[in-house]
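The opening residue of the sequence shown carries number 7 in this note's numbering; numbering runs sequentially from there.
Following: one structure in C-alpha cells, then a few remarks.
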Amino acid sequence: MRKLIRPLLAIAMLVFTSGPLATTASAGNKNPEWYLPQNHISQSADVLARVLNGNLTQSSALNSGSQCPAETSTTGNVQVNCRAEDDASGRNTQSETSVAAVGNKVVVGYNDSLVCCLPAINLSGYSVSTDGGQTFTDKGDLPWSGNVQPIGDPSLAADDQGNIFYATLAFQGPFAQSLIALYEMPVGSNAFRLLSIPINVGNARSFFADKELLAIGRDGNGQLHFYITWTHYAHSFVEGPVTLSDSTDGVNWRTTPISAANACAPTTPGSHPIPAGSTLYISWEQFDAAACATPNSTVTSGTQFTATVEVDSATVTRITRVARVHGAGDVITFCGFANLEVIETEPGHDSRLFEAPASTIDPNGTLYEVWNDRPLGPGGRNSNATRIFLSFSRDGNLTWSNPQVISGAIASNFMNDRYQPGIVVDSQGLHASWYERVRNSGGVGLLRRDGEDLTLATSTKSPMPGNEIPLSTVNFPIYQTNPNQDPIIAACYMGDYSEIGSNGTTRFATWGDNRNVVTTSAGMTENQADVFLQSF
7 MRKLIRPLLA IAMLVFTSGP LATTASAGNK NPEWYLPQNH ISQSADVLAR
57 VLNGNLTQSS ALNSGSQCPA ETSTTGNVQV NCRAEDDASG RNTQSETSVA
107 AVGNKVVVGY NDSLVCCLPA INLSGYSVST DGGQTFTDKG DLPWSGNVQP
157 IGDPSLAADD QGNIFYATLA FQGPFAQSLI ALYEMPVGSN AFRLLSIPIN
207 VGNARSFFAD KELLAIGRDG NGQLHFYITW THYAHSFVEG PVTLSDSTDG
257 VNWRTTPISA ANACAPTTPG SHPIPAGSTL YISWEQFDAA ACATPNSTVT
307 SGTQFTATVE VDSATVTRIT RVARVHGAGD VITFCGFANL EVIETEPGHD
357 SRLFEAPAST IDPNGTLYEV WNDRPLGPGG RNSNATRIFL SFSRDGNLTW
407 SNPQVISGAI ASNFMNDRYQ PGIVVDSQGL HASWYERVRN SGGVGLLRRD
457 GEDLTLATST KSPMPGNEIP LSTVNFPIYQ TNPNQDPIIA ACYMGDYSEI
507 GSNGTTRFAT WGDNRNVVTT SAGMTENQAD VFLQSF
C-alpha cells in the first residue's frame, strides 16, 4: 500500500501549528534508525525519512491542496484526479489506489505528490463521485494540521450504514511522532474529517508504523468493528512484526502483535485484515530470513501466511502457511536505496513489485488470496513471465488449496507479465484486476489494466476464471522511474497496489495510469502518473 517517496529524514522540527511549518535542522541530517534496505519500506516511509534528514525542497502547494473537477478523459475510462491541480509541476504523481463504494457514491484514495513536503507534508489525496463513478471531483488532500500530517498509503473501507473511512500513515510534526490516522466521511457528506489516531509508536527517528490496511465488519456480538493491520519497525532491527489495532468505536483502540517479533520484515504492502464475525483473518507475505541477512541481499523467496484471530480476546489461535513464493521480478535492480524486484520495459523504466497477497472472503466463509509470482523466481525466459496465482481455504484457514494460475495464457514471443492484483467478492461472484504487460510493435513493452470474473469455490469445485478482459482503453508506458522523474517519488516506484471495490452489484477497478503526456514548468515533456477507473 504505497509509494515510496525517496528518503526524507533529518527533521526539521515543525512548529506546532496548523499553518506553515518552520524547520530547524536537527540530528545532523541522519536517517532514521529503521531506514534500512532490508525493510522494503513504503513510499510514505521513504518520504518521511527525507523530511527527517532535511533532504527535501520547499513546496508552494497548500497544506491540503485544492478542489477541482477531474477532467473528462478523451481516451476512454474515467479520470479520477484533476490534472489542472498539478499546474505543470514536476510533482505530478497520483497513484497507489484504494476504493470504497456505497450505492452511487464512489470514493478513491491515492498518493498525491503535489503537497509535499515543506512547509507541509500531505500525500493522502482523494476524489469523490456521486454518479456511480461516471465523473469525479478531486477533493485535494485529507485535512491537515501540524499535529496530524497525512503521508500517504491510502486504505478505504465502508461500514454497513454507508459511512466511509480512510486510514493513512501520518506524522506529528511538533514531536516528530510516527502515526496512523483514521478519517471519516459520514453519510450525507462528501468530505473526510479526522476521527482518531489509532496508532502512535513514538519518535519517528527510532520507530515507524508502516504499511497499514483497514477493514470494517460486524463482530460476533453484532458490534461494528474496525481493524487496521500494520508493520511495526523499531530502531535498526530488520524485523518488522505484523501488528493488529482494533476498535469498536473507531476512537478507542487496542493493539496486538500478530507475527513473530524476530521474523524478517513482511513485504510491502504488508498485511490484510479479513473480518468474519467473531474471527478475523490476517494475510501477509514474509520474506525468508536470508533476505534480511545483509543490506544488499537479492533473496526474493518467502511464504504466504494467514493468521486466525479470536476477535473478543485478540488472541492468535493459528498461523497457517498458504504457499511458497519465489520472486516476481523481470530483474533485480538497485532502486536508489535497496535492491528490488522490478518489471522493466527498458533501462530506467522500472515498476517495483512484491508478492504481497490481496485477500477476501465470500458469504460462505471461503477465504481467497491472490498474488503475483514467477514459477522459477526472478528473470528467466518468456515462459517464466510473472502471473497471478490464487489459493483458497474452505475450512477457516486450516488448509489451503494448491495455488492455481488465474491470469491468461503466457505469450511465447515476449515477456507477458501480469502483476499487482486486487480482488473483491460481491453478489455477482469473485472478481480480480491486475496489470498486464503487452507487446508494443516496434517499441518497448506497454501496460494495461485487466479484469476478470471468477466463480466462487464450492464444496467440490475450485474457482473457475472467466475471460481476462482489458479494462484500460489505452495502453501506457512505464515512465522514467529510476531515477524517478518526480523529485519526490522513490526510485522504481509506480504504486505498490491498485484496488478493486464493489457496491454489491458493480465493480470499480482503479489503477495508476501513465497515458497522459504533459510538459512541466521545467520544460520536460513526460508521461504523467494519474488515477483512472473502470466499472464492470
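The beta-carbon is built from N, C-alpha and C at its ideal position, and this holds for glycine as well.
**Asked** Helix or strand or just coil, what does DSSP make of Q434?
**Response** As a working mapping, residue 434 is identified with position 428 in the sequence shown. Three-state DSSP puts Q434 in coil, outside helix and strand.
**Prompt:** Alpha carbon to alpha carbon, what distance is there between G246 and T78?
**Reply:** Working through the sequence shown from its first residue, we reach residue 78 at position 72. Working through the sequence shown from its first residue, we reach residue 246 at position 240. Cα to Cα, T78 sits roughly 42 Å from G246.
**Asked** Name the DSSP beta bridge partners of T516, please?
**Response** The sequence position of residue 516 within the sequence shown is 510, counting from 1. Its beta-bridge partners are L539.
**Item:** Rounded C-alpha distance that separates N403 from S284
**Value:** If you number the sequence shown from 1, residue 403 lands on position 397. If you number the sequence shown from 1, residue 284 lands on position 278. If you take the alpha carbons of N403 and S284, they lie about 14 Å apart.
**Request:** Return the CA-CA distance between G69 and Y41, expressed in angstroms with no decimal places.
**Result:** One-based indexing of the sequence shown puts residue 69 at position 63. One-based indexing of the sequence shown puts residue 41 at position 35. Correcting the residue type first, residue 69 is Asn in the shown sequence and not Gly. When rounded, the distance between both Cα atoms is 26 Å.
**Message:** I'd like the list of long-range same chain contacts for W406, defined as Cβ closer than 6 Å, with 5 residues on each side in sequence excluded.
**Reply:** Within the sequence shown, the letter at position 400 stands for residue 406. V328, S397 and S399, listed in sequence order.
**Asked** From L286 to V444, what does the alpha carbon distance come to, in whole angstroms?
**Response** Walking along the sequence shown from the start, residue 286 turns up at place 280. Walking along the sequence shown from the start, residue 444 turns up at place 438. So the two alpha carbons sit approximately 38 Å from each other.
**Asked** From the DSSP output, which residues share a beta bridge with T339?
**Response** Translated into the one-based positions of the sequence shown, residue 339 becomes position 333. Answer by DSSP bridge pairing, in chain order: L346.
**Item:** CB contact flag (I506, G414, <8 Å)
**Value:** Translated into positions along the sequence shown, residue 506 becomes position 500. Translated into positions along the sequence shown, residue 414 becomes position 408. It is not a contact, given that the beta carbons lie outside the stated cut-off.
**Prompt:** How would you call S133, buried or exposed, if buried means at least 16 neighbouring beta carbons within 10 angstroms?
**Reply:** Residue mapping note: residue 133 aligns to position 127 of the sequence shown, counting from 1. Classification for S133: buried.
**Asked** Per DSSP, which one or two residues make a beta bridge with D137?
**Response** To locate residue 137, count along the sequence shown from 1; it is residue 131. Bridge partners of D137: none, in fact.
**Asked** For D423 versus P275, is the C-beta distance shorter than 8 Å?
**Response** Working through the sequence shown from its first residue, we reach residue 423 at position 417. Working through the sequence shown from its first residue, we reach residue 275 at position 269. Cβ distance not < 8 Å, so D423 and P275 don't count as in contact.
**Prompt:** Going by C-alpha distance, which of S253, S389 and N490 is nearest P281?
**Reply:** Here the question's residue 281 lines up with position 275 in the sequence shown. Out of S253, S389 and N490, S253 has the C-alpha closest to the C-alpha of P281.
**Request:** Using beta-carbon positions only, say whether S242 and V207 come within less than 8 Å of one another.
**Result:** Residue numbering aside, residue 242 sits at position 236 when the sequence shown is read from its first letter. Residue numbering aside, residue 207 sits at position 201 when the sequence shown is read from its first letter. No, the pair does not count as a contact, with Cβ atoms beyond the cut-off.
**Request:** Report yes or no: do the stretch 80–92 and the stretch 528–538 share at least 3 C-beta pairs separated by less than 8 Å?
**Result:** yes
**Item:** Opposing strand residues paired with M191 [DSSP bridges]
**Value:** Within the sequence shown, residue 191 is the residue found at index 185, counting from 1. According to DSSP, which records beta bridges pairwise, M191 is partnered with I170.
**Item:** DSSP-derived helix/strand/coil call for N45
**Value:** Residue numbering aside, residue 45 sits at position 39 when the sequence shown is read from its first letter. Three-state DSSP puts N45 in a helix.
**Item:** Euclidean distance between Cα positions of A438 and S508
**Value:** By 1-based counting over the sequence shown, the position of residue 438 is 432. By 1-based counting over the sequence shown, the position of residue 508 is 502. The straight-line gap from Cα to Cα measures roughly 11 Å.
**Prompt:** Taking buried to mean at least 16 other C-beta atoms within 10 Å of its own C-beta, is Q44 buried or exposed?
**Reply:** Within the sequence shown, numbered from 1, the residue matching residue 44 stands at position 38. By the neighbour-count rule (16 or more Cβ atoms within 10 Å), Q44 is buried.
**Message:** Quick check on I127: buried or exposed, where buried means 16 or more other Cβ atoms within 10 Å of its Cβ?
**Reply:** Residue 127 sits at position 121 when you count from the first residue of the sequence shown. Flag for I127 reads buried.
**Request:** Starting from the N-terminal side, write out each stretch of the beta strand (DSSP E) that is 3 residues or longer and does not extend beyond the stretch 381–447.
**Result:** 393–399, 424–432 and 435–444
**Burial state of A528, where buried means 16 or more other Cβ atoms lie within 10 Å** = By 1-based counting over the sequence shown, the position of residue 528 is 522. Its Cβ having fewer than 16 others within 10 Å, A528 is exposed.
**Asked** Is the Cβ of P353 closer than 8 Å to any Cβ of chain B?
**Response** Included in the structure is just one protein chain, with no chain B present.
**Item:** Residue range of the beta strand (DSSP E) that includes W377
**Value:** The residue you call residue 377 lines up with position 371 of the sequence shown. From DSSP, the beta strand (DSSP E) with W377 extends over L373 to D379.
**Prompt:** I think F181 touches Q155, with their Cβ atoms under 8 Å apart; what is that distance to the nearest whole Å?
**Reply:** In the sequence shown, the residue the question calls residue 181 occupies position 175. In the sequence shown, the residue the question calls residue 155 occupies position 149. Between Q155 and F181 the Cβ distance is about 12 Å, and since that is not below 8 Å, they are no contact.
**Request:** Helix, strand or coil for A240, going by three-state DSSP, please let me know.
**Result:** The residue you call residue 240 lines up with position 234 of the sequence shown. Strand, per DSSP.
**Prompt:** Does DSSP put A296 in a helix, a strand or coil?
**Reply:** What you label residue 296 is simply residue 290 of the sequence shown in a count that begins at 1. Three-state DSSP puts A296 in a helix.
**Request:** Please name the residue in P204, R380 and V112 whose C-alpha comes closest to that of E218.
**Result:** Locating residue 218 in the sequence shown gives position 212, where the first residue counts as 1. Nearest option by C-alpha distance: P204.
**Asked** So P38 is in the beta strand (DSSP E); what residue range does that whole segment cover?
**Response** As a working mapping, residue 38 is identified with position 32 in the sequence shown. That residue, P38, is in no beta strand (DSSP E); it is neither H nor E in DSSP.
**Item:** Under 8 Å between C-beta atoms of S365 and E350
**Value:** Taking the first residue of the sequence shown as position 1, residue 365 is located at position 359. Taking the first residue of the sequence shown as position 1, residue 350 is located at position 344. For S365 and E350, no; Cβs fall outside 8 Å.
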